[in-house]
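Enquirer:
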Amino acid sequence: MCKTILVTGSSGQLGTALMWALPAHGYHAIGLDVAASATTTYVGSFYDASLVRQVFTDNDISFVLHTGTLHTPHIETHTKQNFIDTNVSGTLLLLEQAVASGRCLAFIFTSTTSLFGRAFSSVPGQPAAWIDETVVPLPKNIYGITKIAAESMCELVHRQSGMPVLVLRTSRFFTGQDNVEETGWTTSKDDNRKVNELAYRRVDISDVVDAHICAMEKARGLGWGTYIISAPTPFSRDAETLRLLDGEAPTALRTILPAFENTFAKRGWSFLARLDRVYDSTKAIIELGWKPRYTFEAALAAIDEGKDWRSDLAVKVSQKVGPRRMQSHEPHTVLWTGVALKALDVSDSCALTKSYLEDVLDCCQWLTTVIIARCTDIKGRVESKLLAA
C-alpha cells in the first residue's frame, strides 16, 4: 500500500522538490504551507493547532518531512517571537500530533548547517574548520538558535515516545542567486560561486531529496540521529590541507584535482583563495546509505562535457519556484520589486528587456500569493483567539 507523507513547507524550494519526487518512489505526498501553490494541499501554518489536527485526521500519515521554517532572510521582517512560534513551537506541535496519531513511522526534521555559526573562526590566519556531527553548534542568530532548539525538541520527543526522529542539517542548496544585493551579478559568476561551494558547503537539491528518502527508509532502524547533508568534499582532514585552505585553497585543490584549473580557465572562473570551513557528510553516507551524485568532481566533468552541472530537478525548481533571482529572499524581493516598478513609473521609454519585465511580473504575482496566505493565517489565528476568549 502507498504510504502517505506530510511535507511541510511544500511551496518552498525543497518542499516543492520533494512533492515532485516522492510519487516516483511510491509515496503519496500531501503538502502544508502558508503560501498557496500547485504542490500544497493545505494552505495554512503548521503552528495552527486546529489545522494540524485536521491534516492528521484527514490522512493516514506514515512519515512527516518537516522542511517548513523561517529562514535567515526573515530576520529582517519577523520578530524573535515569530521565529520561536514557527521554528520551535510549530515543530513541537507537529511532533506531538505525529505521536498522538499512533500511525507515524518516523519524523524527519530538516535543519541547517547554519546553526554551527560561531563554532569556527572566519578570521584569516586560522586553519579551516572541519565540521562534522561531533562539533558543538554555536548559533549566531535567532534562526540558528531556534533550529537547534527544535532539534533538541525532536530528541526529547523521540526519547519520551520512541517515535524515530532524524535530523538532517543541510548546507546551501537554494537554486536561485543567494546574494541579490551583490553588484555585477552574472549567471557565470553565480555558477562559479556555487560550483566552488560544492567543494565545502553546498549540496544539490536532488541529493537533498534523496537524503530525505534515505532517512525515511533508515529511521526505524536508527531511532535518533543528526546528519550533515552536504556534497562530499574533495579535501582530506589533515593539518596541512586545513592550513592551506586558509589563504592557499587553490594550491590544496590542485594537488587533488589538477584538471580543475583548465576547466575554470576556459570560463574565466577562479577558485576561492580561502575556505573557513569544510562540511563532512561521511556519517550520512555510511548510516543512511545516502549516495550523493552532484559533487564538485561531477560538476567539473559535466562542465567539460558542455552539460549543466546541476541536476535536472535543480533546474526545474529554479524555473518553477518563486522569482528566478530571489526565491528565498523575501525582503530583497520586496525591495527589488519596488525599484523595478519605480523604473517603470519614471520613464515609459526605459529600455527594459522582456526578461526584466517578466521578473517584475513574477515578483508581483509571488508577493500577491504571500500576502494573501499570510492574511489568511493571521485571520485564522485571530479567530482562534476569539473563540478561546
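For what it's worth, the UniProt record's numbering labels the leading residue of the sequence shown as 1, then goes sequentially.
Beta carbons are placed, not taken as given, at the ideal position from N, Cα and C, and that holds for glycine.
Between the alpha carbons of V88 and A129, how many angstroms are there, rounded?
Expert: In a straight line, the C-alpha of V88 is about 28 Å away from that of A129.
Enquirer: State the start and end residues of the unbroken beta strand (DSSP E) segment that holds I61.
Expert: Element bounds for I61: 61-66.
Enquirer: Whose CA, out of L386, C375, A314, E383, lies closest to the CA of Q13?
Expert: It is A314.
Enquirer: One question on the structure: do L168 and T110 come within less than 8 Å of each other, judged by their Cβ atoms?
Expert: In contact: L168 and T110 (Cβ atoms closer than 8 Å).
Enquirer: Out of curiosity, what's the CA-to-CA distance linking D132 and V99?
Expert: Roughly 30 Å separates the two Cα atoms.
Enquirer: Would you check if there are 3 or more beta carbon pairs closer than 8 Å linking the region 73-82 to the region 106-122?
Expert: Too few Cβ pairs lie closer than 8 Å, so no.
Enquirer: So, with DSSP's three-state summary, where would you put G9?
Expert: Note: G9 maps to coil in three-state DSSP.
Enquirer: Who are the Cβ neighbours of I285 in its own chain at under 6 Å, not counting the five residues just before and after it?
Expert: So the list is empty, once near-sequence residues are dropped.
Enquirer: What three-state label does DSSP hand Y47 in the structure shown?
Expert: Coil at Y47, not helix or strand.
Enquirer: Report yes or no: do the region 206-214 and the region 276-296 share at least 3 C-beta pairs separated by less than 8 Å?
Expert: Yes: at least three Cβ pairs fall under 8 Å.
Enquirer: Tell me the DSSP bridge mates of H28?
Expert: H28 is bridged to T4.
Enquirer: Looking at the structure shown, is V334 part of a helix, part of a strand, or coil, going by DSSP?
Expert: Note on V334: pLDDT 45, under 50, position unreliable in the model; the coordinate value appears next. Residue state, collapsed to three classes: helix.
Enquirer: Given a threshold of 16 other Cβ atoms within 10 Å of its Cβ, counted over all protein chains shown, does C375 qualify as buried or as exposed?
Expert: With fewer than 16 other Cβ atoms within 10 Å, it is exposed.
Enquirer: Tell me the rounded alpha-carbon separation between E143 and F83.
Expert: The sequence given here has Tyr at residue 143, not Glu. Each residue's Cα considered, the two are about 7 Å apart.
Enquirer: Using only alpha-carbon positions, find the residue among Y200, R254, L105, P258 that is nearest to S171.
Expert: Comparing Cα-Cα distances from S171 to each of Y200, R254, L105, P258, the minimum goes to Y200.
Enquirer: My guess is that L22 and V52 are in contact by the Cβ rule of under 8 Å, so how many angstroms apart are they, rounded?
Expert: Actually they are not in contact, since the Cβ atoms of L22 and V52 sit about 20 Å apart, beyond 8 Å.
Enquirer: Let me check understanding here. Comparing Cα to Cα, which of V157, A17, Q54, S10 lies closest to D312?
Expert: Among V157, A17, Q54, S10, the Cα nearest to that of D312 is on A17.
Enquirer: Could you check how far apart the C-beta atoms of F107 and V64 are, in whole angstroms? I think they sit under 8 Å.
Expert: Confirmed, about 5 Å.
Enquirer: Within a Cβ cutoff of 7 Å, which residues of the same chain sit near Y27, ignoring the five residues on either side of it in sequence?
Expert: Hits under 7 Å: C2, K3, I5.
Enquirer: Assess, as a yes-or-no matter, whether the region 251-262 is touched by the region 297-307 under the definition of 3 or more beta carbon pairs within less than 8 Å.
Expert: Short answer: they touch.
Enquirer: Hey, how far is the Cα of T72 from the Cα of T146?
Expert: Each residue's alpha carbon lies about 11 Å from the other.
Enquirer: Can you tell me which of P127, F173, E197, K140 puts its alpha carbon nearest to the alpha carbon of R237?
Expert: Of P127, F173, E197, K140, the residue nearest in Cα terms is P127.
Enquirer: Roughly how many angstroms separate the alpha carbons of D191 and S230, rounded to a whole number?
Expert: Near 17 Å, if we compare the C-alpha coordinates of S230 and D191.
Enquirer: Under the rule that 16 or more other beta-carbon atoms within 10 Å means buried, what is P323, buried or exposed?
Expert: Low per-residue confidence applies at P323: pLDDT is 45, beneath 50, and the placement is therefore not dependable enough to give any value.
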